[in-house]
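Below: one structure, written as structure tokens.
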Amino acid sequence: MTALSPHLKQATPVVVDHALGSWIHGTDGREYLDFTTGIGVTSTGHCHPRVVAAAQEQAGKIIHAQYTTVMHPPLLELTEKLGEVLPDGLDSLFYANSGSEAVESAIRLARMATGRPNIVTFQGGFHGRTVAAATLTTAGTRFSAGFSPLMGGVHMAPFPYAYRYGWSVDEAVDFCLRELDYFFVTRTAPQDTAAFLIEPALGDGGYLPTPPAFLEGLRERADQHGILLIVDEVQTGCGRTGKFWGHQYSSISPDVLITAKGIASGFPISAIAAPEELMAKAWPGSQGGTYGGNAVAAAAGCATLDLIRDERLVENSRVRGDELRTAVQKIQQDHPGIGDVRGNGLMLGIEFTAEDGTPDSATALAVQQATTGHGLLTLTCGPLLNVVRLIPPLVVTEQEIQTGVERFDAAVSEVLGA
Ligand code: PMP
């Protein structure tokens, strides 16, 4: 008998029958409030009727309009709609299917455009699982161990993880920028450095917002040395953080922006955006793919972007996110085992620490598992897996936030005592 790989273990025991909005209905007849959104993907909730209608309509016209053979209206329309929300100047788009593919295309572009070999990443970053993307990923050696040699030319600099260092955010930023300057002297000369690659908030690496001053420090150094600044907005994009793009908490403009996940409410599509002059420096033949920019996914993407605008979902993300963070911070007051509660918008990280301040993965896992029993789906993250992350859909209501918080509280009390 064939079966799924033993490594495809689910974070919850739930088998889904169907889902709508913020709710997943299991084959066990139970309903679960979904604060995982398929790892930050189902931005407009599950099966939003407008997304379903757009996909159904497109599937009846053409499903696979291979985009290097023929063009199709949904991709042109999606490109136009993205133009309305992308930072000024990022006016050229390349589409792929997954976040990893888009990350790899951004890296290829940076090397081709600058003629330089090295990419600087930041500790705890997650950029995907394909070999090059896994090389760029430092959110856990579990993502990159066992299949070396990895890609050459990738160098990891420290990330300002203030809570871990026990410093203020300002101290952590100062330290990391100083280390980066030292890095240019000790590890990769600026003239060998093609790009900085950074998430506006660490995602799988611990749900940790990147301090705006750090992004601004990177921008300064990128400008000074002709290095490209690539923001990986795969998880932070499309309203997740309470701004349309996570980097918009800072004053920077990126040179390349990578998007995926929330862009199409669950259909696989990803993109990189760059100024046309930069995109044109990609070598002929380096951009393409069989399935990139799929017509049904692009139609779902158009419906998603319309919904984000029409239902003011970025604002909802900010308001509901503030409610969620404030409520979880209240729970934290009763439980010293919750060391840190952080995040912007609907991207909340809850870091568990033992009495001596060391990371407590066992408790994080126990809480994550216990939430399912209380009818709430959650995930863990972080290199040490000691962070529980809450990722509600952008359509989540005030009532659903309240229900989610009550259920989370019940799970924490079950594990840590009331
Ligand atoms: N970058 C970031 C920031 C991500 O969060 C992820 C997925 N968790 C990826 C890249 C990789 O995306 P995919 O799994 O679609 O390849």
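The sequence shown begins at 8 in the working numbering and counts up one residue at a time. Just so it is clear, CB atoms sit at the ideal spot from N, CA and C, and this is done for glycine as well. Remember, predicted model here, so these are calculated numbers, not experimental data.
- Around the beta-carbon of L204, 16 or more other beta-carbon atoms lie within 10 Å, marking it buried.
- C-alpha of L97 to C-alpha of I237: approximately 12 Å in a straight line.
- Pairing A113 with A302 gives a Cβ-Cβ distance that is not under 8 Å.
- For D211, the CB falls within less than 7 Å of some heavy atom of ligand 1.
- Within the chosen limit of 7 Å, ligand 1 does not reach the beta carbon of H79 with any heavy atom.
- The stretch 262 to 276 makes contact with the stretch 49 to 65: 3 or more CB pairs, one atom from each, lie closer than 8 Å.
- By a beta-carbon distance limit of 8 Å, R349 contacts P216. Their separation comes to about 7 Å.
- The alpha carbon of G90 has as its nearest neighbour, out of D329, L353, W174 and D313, the alpha carbon of D313.
- A Cβ-Cβ distance of about 13 Å is found for the pair S277 and A307, leaving them out of contact under the 8 Å criterion.
- E322 is the residue among V22, N351 and E322 whose C-alpha sits nearest the C-alpha of T404.
- Excluding residues up to 5 positions away in sequence, P94, L97, L236, I237, V238 and H254 lie with their Cβ nearer than 8 Å to the Cβ of P261 in the same chain.
- Residue burial is scored here from C-beta neighbours: K88 has at least 16 other C-beta atoms within 10 angstroms and is therefore classed as buried.
- The beta carbons of L143 and R414 sit about 35 Å from each other, so the pair does not count as a contact at 8 Å.
- For G246, the CB contacts under 6 Å within the same chain, skipping 5 residues up- and downstream, are I315, L320, V321, S324 and L401 in chain order.
- Secondary structure of G299 (DSSP, three-state): coil.
- Every alpha helix (DSSP H) of 4 residues or more that sits fully in the stretch 33 to 112 is shown, in chain order, as 44 to 47, 56 to 66 and 80 to 92.
- Under the Cβ criterion (8 Å, minimum of three pairs), the stretch 278 to 286 counts as touching the stretch 104 to 124.
- Of the heavy atoms belonging to ligand 1, at least one sits nearer than 7 Å to the Cβ of A267.
- W30 has L27 and L40 as its beta-bridge partners, per DSSP.
- One Cα belongs to T379, the other to A141, and the distance between them is close to 30 Å.
- T86 and F101 have their C-alpha atoms spaced approximately 9 Å apart.
- Taking every protein chain shown into account, the CB of Y172 has fewer than 16 other CB atoms within 10 angstroms, so this residue is exposed.
- The beta carbon of V374 sits closer than 6 Å to the beta carbons of V395, A418, V419 and V422 from its chain, once the five residues preceding and following it are set aside; these are given in chain order.
- Shortest gap from the CB of Q242 to any heavy atom of ligand 1: under 7 Å.
- Annotation for P81: Q65, A302, A305, A306 and C309 place their beta carbon closer than 7 Å to its own, counting only its chain and skipping 5 residues before and after.
- Close CB contacts of P197 within its chain, under the 6 Å cut and outside five residues either way in sequence, are with F191 and H232 (chain order).
- Between V77 and L384, the C-beta spacing is not below 8 Å.
- Pairing E358 with G344 gives a Cβ-Cβ distance that is not under 8 Å.
- If one requires a minimum length of 3 residues, the beta strand (DSSP E) runs lying completely within the stretch 334 to 397 are 345 to 349, 355 to 359, 386 to 388 and 394 to 397, in chain order.
- The residues F182, in chain order, have a CB closer than 8 Å to that of W174 in the same chain once the five nearest residues on each side in sequence are set aside.
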